[in-house]
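Report on one structure; see the data block that follows.
In our numbering, the protein residues as written are 95 to 1127.
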């Protein structure tokens, strides 16, 4: 029974799905730089923040007093327990969307140009020529944002509507998650998510213990043992919680691992690059306009002519660029979600699919991402003999025979010991039989752990009989195990499979069932839990039938090798198992006499009462037992990897992507998984960064690491923090040179910090992938976030840009869809620019020929039709183009390396398209002027028709793989133009355009403008073919 506590900042406005409070601390620079760079944006933001603060003043965080079951007694008003991930509300939607659009230079420029048409002296043609395209762009954007906002609203509503049982004076009532208040008593059922921060008051288990998962905090799906508040656990009934006058005094909210900074909107690198190119185009536009006015000799009102030239050449900057790219990205997202090879994939952010094609660093979580977090017992080694999965039946036979022999002995014989050879256990020099050693090893594994068997209540039993053990089903089929480590569960399940079953356990005793059905009871005298410092755990038990006291211990080989008796096989076998990717544990025991145990207990109790250096004194007493222990066995447990993790990681490495594993798990486990998953190849060395606590130690360790070459780095979160404090640049520089990096014991904020550092220091594109709530900060800090929907819930997948169901899907997502999205967006963006440049070139030639007059070449519907029905479908069909077949992209991941260099869209490719546009625009215009007969209208007819044909042919030239829809788009656009000629009497002479003269002149101009480019493309493919064409041939 928990008590909810305050959640400051519970409504997360910008982070996508999570329920963790976040810090909103923003620091900004001021000074001259503020006025020069983005000052107006900051001014608007500051005004908005000021209005928000006025309307909703944030209270100073302070300690709170919360009364049990009495929300009305709260001294201050707390926020609602509702999740809000919506970006806008009904009042801010339109202003917010318009701000997001007009903060881009391209859209802001066209807004100014369109508004200028309301000035009569600057008006060129019809208003709809400018306002129709701008309105269409804004309509598409608003519709897309509205759909995304509605989806966020639906997800919020689904989470906020989850029902929970609330305990009141009149009994239990159902309440929505969003209606839970601070101070409410909430009943959380088995396998139900905890809806907020809570205090654990009471449980149906007699001892007050309960296993919970903290996967939304640290990403680990193993069960953590928690104990209820003792005074409320001892109450006879639930209703007595209201009879006591109790409250919780809680400290003020703290910034800890539960907190993270979230971002919602993203802008891809391609968008930023195109924004830079549009600025270059604007500069060219201004220069061209100034040149035209200069050639006029600044005659008359030159400033008005300058502005008219700016308007005439405004098509250099294509307004359709944004809408084409946005529609293309929506198409890419649809293709990704419809791909049958990666079922269940969801595109949650439609603005950055092309980022998948330019990734250099992949930062991944371990548990639930690379692994299934399902442990399987694989190996038992006794020193002289080893047992694997195919020989477990031999162990089962030995255990069965051992207990059958014991059962057949006289009643006075020790029922818990092995066959008669058991009497030789205190004399290690005498060699035991294999059967005896197996029996001792299995019994040690079955006893040395912190696992609790749990049984489901019988059908129909309600929570009112909460302590009625008689209403539970204790059959083997109904038993499940809970523990703080999945390794321990795997070991206990294995002992069950070979015949020795853990049937019950409480804080004082545990019971084992033998293959013959006999129940053995052991009294738990002491427990020494596992810690990251000791790397081992121990237990002292007394066999109630014989009163024999045994101290069992298991732990990592580095910790146990100095504790057990001398042997010549442990180190070698640990290395062998580690190379197989198994997690090893060394198991040992020591038999204690009653006098030895009483002496230990006296010293142990005295040490626990010490005021000074209590921890050290307790550890020293325990270590007094850890001497010359008898080595029983070495176990190997495998953390099963996700399907096809190894080939996927190998594919990513071959693609030139550097992989970093960031995990909250301990160093040994992280290193083991790095080896078993082949994140670190078998031939690579591993440099384990020693723990450092100060600047001097960090300096020495960095120097030691600098001398290593081509080795993977393993570093803990604490050491990482110290190094980043003093040697941030040096550490990141060295780490980036490693083929792989493993960061263990990382908090969520550290994960996000590492991602941010990589982005800042390398200027390369990063991708973060995870599956738990603790990965949300890392996912949102990366350029591209991928969430896996798994056992740890949906927080990561909902907060990410892309959601997948299995890690192996990332291979196809990057190699195929990432490649296609980037290549297609680059081609589409540059072609749309070409479409604007070519008509602006024609306008410049026309104005130059006619004495630099600021008169438009094409007016009204011709300009609107040119950018829409005449060329839109073929140009947009480029989103279906692909240079490499999907099978080829996956088979040769090395092709991905070329994408990360950004060669598909660069100033070089941009300048090539500019030169093509100038050449074709000049040919089209001069050709029409040379070939026109007498009337000006023929110039318009010939040049415009040749322009349309040239654009259609250029699309065909750009396409690398034809799709039937591309052919349809080409002929549809051509048909629309031919059909519209009959209705364009205002611009064309119908009698002239039906003559043979018109046809040959248009054909001649078109051939001259396009044929050289086709020839150049053919020669380039023959003399310098791209890498993918070599493979496909």
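Cβ coordinates follow ideal geometry from the N, Cα and C atoms, glycine included.
Just so you know, the alpha carbons of residue 1112 and residue 1054 end up roughly 12 Å apart. The beta carbon of residue 157 sits closer than 8 Å to the beta carbons of 343, 344, 345, 346 from its chain, once the five residues preceding and following it are set aside; these are given in chain order. Rounded to whole angstroms, the separation of the alpha carbons of residue 1064 and residue 1058 is 10 Å.
The beta-carbon distance between residue 974 and residue 1060, rounded to whole angstroms, is 6 Å. This is short enough to meet the 8 Å contact definition. Approximately 33 Å separates the beta-carbon atoms of residue 422 and residue 941; this is outside 8 Å, ruling out the contact. With a cutoff of 7 Å on beta-carbon distance, residue 548 and residue 577 are scored as not near each other. Residue 948 is a Cβ neighbour of residue 399, given a cutoff of 7 Å. Distances from the CA of residue 962 to each of 166, 883, 228 were compared; the closest alpha carbon is that of 228. Shown here, residue 659 sits in coil according to DSSP, grouped into three states, outside any helix or strand.
Per DSSP, residue 718 lies in no alpha helix (DSSP H) and is assigned neither H nor E.
Considering only 185, 277, 197, the residue with the shortest C-alpha distance to residue 171 is 277. Secondary structure at residue 547: strand, using DSSP grouped into helix, strand and coil.
Note on the region 1043-1115: whole alpha helix (DSSP H) runs with a minimum of 4 residues are 1058-1074, 1084-1087, in chain order. In the structure shown, the three-state DSSP call for residue 877 is coil.
Residue 267 carries a strand assignment under DSSP once its states are collapsed to helix, strand and coil. With respect to the 7 Å criterion, residue 379 and residue 407 are classified as neighbours on the basis of their beta carbons. Under the three-state reduction of DSSP output, residue 790 falls in the helix class. Beta bridge pairing from DSSP links residue 636 with 617, 643.
Contact check for residue 208 against residue 224 passes: the beta carbons are separated by less than 7 Å. Spatial neighbours of residue 239 in its own chain (CB-CB distance under 7 Å, excluding positions within 5 residues in sequence) are listed in chain order as 191. Partner residues in the beta bridge of residue 456, as assigned by DSSP, are 753, 861. Burial of residue 915 is indicated by the presence of at least 16 other C-beta atoms within 10 angstroms of its C-beta. The three-state reading of DSSP puts residue 976 in coil, since its state is none of H, G, I, E or B.
For residue 856, the secondary structure class from DSSP, reduced to helix, strand or coil, is helix.
Within the DSSP bridge table, the entry for residue 321 names 303 as partners. The beta carbon of residue 1051 sits closer than 8 Å to those of 1104, 1107, 1108, 1111, all from its chain and outside the five residues before and after it, given in chain order. Under the three-state reduction of DSSP output, residue 733 falls in the strand class. Counting every other CB atom within 10 Å of its CB across the protein chains shown gives residue 936 a total of 16 or more, marking it as buried. Under the criterion of beta carbons closer than 8 Å, residue 454 and residue 751 qualify as touching, at roughly 6 Å.
Per DSSP, reduced to three states, the secondary structure at residue 693 is helical.
Ranked by how close their Cα comes to the Cα of residue 901, the residues 952, 880, 591, 913 have 880 in first place.
With respect to the C-alpha of residue 301, the residue from 684, 321, 815 having the closest C-alpha is 321. If you compare the alpha carbons of 627, 624, 665, 617 with that of residue 642, the shortest gap goes to 617. Judged by beta-carbon spacing, residue 923 lies within the 7 Å limit of residue 368, meaning their Cβ atoms are closer than that value. Relative to residue 569, the option among 493, 581, 598 whose CA is nearest is 598.
Scanning its chain for C-beta atoms nearer than 7 Å, with the 5 sequence neighbours on each side dropped, one finds around residue 780 the residues 765, 774, 805, 806, 808, in chain order.
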